[in-house]
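Here's the structure, in structure tokens; my notes come after.
Written as structure tokens, this is what we have:
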């Protein structure tokens with residue numbers, strides 16, 4: 001079992017912080033978000049960790065010595081969405097966690113031995129243009145919708161992919177890239193468009209187990225939540 005951390009993005013909404021620091025290395029409560037993820041993964045026995053870099057990629061070099069991770073550079077990070085990032089690491093996808101490296105994990109909800117493909121999903125409130133999961137009573141995902149709602153289970157930026165499903169997704173990734181028209185696609189689109197052929201289940205987590213940090217305002221909100229006494 002391994003993990004892929006997607007850390008190629010520019011994080012423009014977090015400027016001026018991200019003018020000199022990649023978004024996933026922005027500290028929350030004193031610890032870079034990607035480092036916290038790596039430490040949580042190691043706590044459950046995941047040692048094979050691949051970090052896909054792009055913007056300010058030299059900033060990640062210290063992670064190799066500190067944690068023994070493997071770095072893969074996406075030199076087209078400013079051209080394509082994360083579908084190309086995933087394509088670069090497609091050979092690692094089977095039996096692997098895939099994590100957006102620019103989210104703050106408040107608690108360690110990683111599993112030591114997932115048995116199926118999983119979307120770790122939190123029920124969030126008052127969101128816009130998020131990826132909402134549709135699943136049956138057995139928690140199997142049958143559809144994904146992108147939209148706005150007052151409250152629902154949405155993608156958290158953490159998933160796990162079985163060997164069987166990983167193989168199917170890799171084939172679809174290759175088809176998309178070779179097809180040439182993938183500029184506006186995210187890697188989650190590949191899953192969304194083929195969800196009925198995959199065996200993906202929801203693993204429910206708490207609404208405060210994970211936080212998106214997309215803007216300065218988001219960062220302030222997370223810091224305020226973590227340090228209520230200082231408010």
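Numbering (UniProt numbering), first residue to last: 1 to 231. The beta-carbon is built from N, C-alpha and C at its ideal position, and this holds for glycine as well. Fair warning: this is a prediction, and the values are worked out from it, not measured in the lab.
Legend entry - Start and end residues, alpha helix (DSSP H) containing residue 167: The residue labelled residue 167 in the question sits at position 167 within the chain shown. Per DSSP, residue 167 belongs to the alpha helix (DSSP H) from 163-179.
Legend entry - Contained beta strand (DSSP E) runs [length at least 3] in the region 63-131, N- to C-terminal order: 70-73, 96-100 and 103-105
Legend entry - Where the beta strand (DSSP E) through residue 195 begins and ends: Translated into the one-based positions of the chain shown, residue 195 becomes position 195. Where residue 195 is concerned, there is no enclosing beta strand (DSSP E), given that its DSSP letter is neither H nor E.
Inset, instruction - Identify whether residue 143 lies in helix, strand or coil by the three-state DSSP scheme. - result: Along the chain shown, one-based indexing puts residue 143 at 143. If DSSP states are grouped into helix, strand and coil, residue 143 belongs with the strands.
Legend entry - Straight-line gap, residue 168 to residue 162 (C-alpha atoms, nearest Å): On the chain shown, position 168 is the one that residue 168 refers to. On the chain shown, position 162 is the one that residue 162 refers to. So the two alpha carbons sit approximately 10 Å from each other.
Legend entry - Backbone secondary structure at residue 134 - three-state DSSP: Counting from 1 along the chain shown, the entry for residue 134 is found at position 134. Residue state, collapsed to three classes: strand.
Inset, instruction - Go ahead and pull the three-state DSSP assignment for residue 185. - result: As a first step, residue 185 is located in the chain shown; it is residue number 185 there, counting from the start. Coil at residue 185, not helix or strand.
Legend entry - Supposed contact pair residue 67 and residue 38 - C-beta distance, whole angstroms, cut 8 Å: As a working mapping, residue 38 is identified with position 38 in the chain shown. As a working mapping, residue 67 is identified with position 67 in the chain shown. At roughly 5 Å, the Cβ-Cβ gap stays under 8 Å, so residue 38 and residue 67 are in contact.
Inset, instruction - Name the two residues that bound the continuous beta strand (DSSP E) containing residue 219. - result: For this step, residue 219 is matched to residue 219 along the chain shown. Here residue 219 belongs to no beta strand (DSSP E); instead the alpha helix (DSSP H) covers 216-226.
Inset, instruction - Note the first and the last residue of the continuous beta strand (DSSP E) segment covering residue 2. - result: Position 2 of the chain shown holds residue 2. 2-7 is the span of the beta strand (DSSP E), which, as asked, contains residue 2.
Legend entry - residue 87 burial status per 10 Å Cβ neighbour count (16 or more: buried): The residue labelled residue 87 in the question sits at position 87 within the chain shown. Buried is the call here.
Legend entry - Other residues of its chain near residue 222: CB distance less than 7 Å, five sequence neighbours each side excluded: By one-based count along the chain shown, residue 222 stands at place 222. Here the set comprises 28, 104, 211 and 213.
Inset, instruction - Could you check the C-alpha separation between residue 177 and residue 84 for me, to the nearest Å? - result: In the chain shown, counting from the first residue as 1, residue 177 sits at position 177. In the chain shown, counting from the first residue as 1, residue 84 sits at position 84. Spanning the two alpha carbons is a distance of roughly 8 Å.
Inset, instruction - Determine which residues share a DSSP beta bridge with residue 27 and list them. - result: As a first step, residue 27 must be located in the chain shown, where it is residue number 27. DSSP, once it has assigned bridges, lists 32 as partnering residue 27.
Inset, instruction - Assign residue 18 to one of three DSSP states: helix, strand, or coil. - result: The residue labelled residue 18 in the question sits at position 18 within the chain shown. Of the three classes helix, strand and coil, the one that applies to residue 18 here is helix, per DSSP.
Legend entry - Whether residue 139 touches residue 46 by CB criterion (7 Å): Locating residue 139 in the chain shown gives position 139, where the first residue counts as 1. Locating residue 46 in the chain shown gives position 46, where the first residue counts as 1. Against a cut-off of 7 Å, the Cβ pair of residue 46 and residue 139 comes out as no contact.
Inset, instruction - Closer than 6 Å by C-beta to residue 146: which residues in its own chain qualify, once you throw out the five before and the five after it? Chain order, please. - result: As a working note, residue 146 is residue 146 in the chain shown. Once the five neighbours on either side are set aside, the close Cβ partners of residue 146 are 131.
Legend entry - Given residue 149 as reference, the closest of 216, 165, 137 and 125 once Cα atoms are compared: Stepping through the chain shown from its first residue, residue 149 is reached at position 149. Residue 149 has its Cα closest to that of 125, out of 216, 165, 137 and 125.
Inset, instruction - Indicate whether residue 170 and residue 93 have their beta-carbon atoms separated by less than 7 Å. - result: For the purposes of this step, residue 170 is taken as residue 170 along the chain shown, with counting starting at 1. For the purposes of this step, residue 93 is taken as residue 93 along the chain shown, with counting starting at 1. Cβ atoms of residue 170 and residue 93: closer than 7 Å.
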